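In the working numbering, the protein residues as written are 4 to 138.
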């Protein structure tokens, strides 16, 4: 078995229970696994080649774009190493609560070449927590 075979990496990504999204430094999506399709509703064919704004709600785009640009420019993520709950768009128009974990993809010279994330739906947990807090 050749563990460096790219098909094995694709099989791993496709088998993840969490959504996996990879974007380049311009925010263009290059990888989108089946769990991302289940979470956000967009097929791989619909998502790859589109900007991350596909899933970023309009009211959060300015903050997202600023944080994304800062991470690319500095090579550092403010949210590195932790899960961040935020809102995201579903293809059908619903607004989801999603737990994201982000990381920078760097080349051999240490230059940022992309950003990737894993994500899972936190809508139900968020709404339950809100309901409990209101009780």
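Built from N, CA and C at the ideal position, the CB exists for glycine as well.
Every value quoted in this text rests on a predicted model; they were computed, and no experiment measured them.
Strand pairing of residue i, partner residues [DSSP]
i: residue 92; result: 98
i: residue 120; result: 24, 105
Pair within 9 Å by beta-carbon distance, residue i and residue j
i: residue 58; j: residue 91; result: yes
i: residue 116; j: residue 104; result: no
i: residue 63; j: residue 30; result: no
i: residue 1; j: residue 123; result: This structure does not reach residue 1, given that the chain is present from 4 up to 138, and the question cannot be answered.
i: residue 43; j: residue 99; result: yes
i: residue 2; j: residue 34; result: Missing from the structure shown is residue 2; the chain here goes from 4 to 138 and no further.
i: residue 84; j: residue 113; result: no
Simplified DSSP assignment, three categories, for residue i
i: residue 81; result: coil
i: residue 32; result: strand
i: residue 115; result: strand
i: residue 54; result: strand
Pairwise C-alpha distance: residue j and residue i
i: residue 54; j: residue 118; result: 12 Å
i: residue 7; j: residue 76; result: 30 Å
i: residue 10; j: residue 23; result: 16 Å
i: residue 65; j: residue 49; result: 23 Å
i: residue 101; j: residue 121; result: 10 Å
i: residue 110; j: residue 27; result: 12 Å
i: residue 14; j: residue 36; result: 10 Å
i: residue 12; j: residue 47; result: 16 Å
i: residue 94; j: residue 32; result: 16 Å
Where the alpha helix (DSSP H) through residue i begins and ends
i: residue 10; result: 9-18
i: residue 43; result: 37-43
i: residue 61; result: Segment: none, residue 61 is in no alpha helix (DSSP H) and carries neither H nor E.
i: residue 126; result: 126-137
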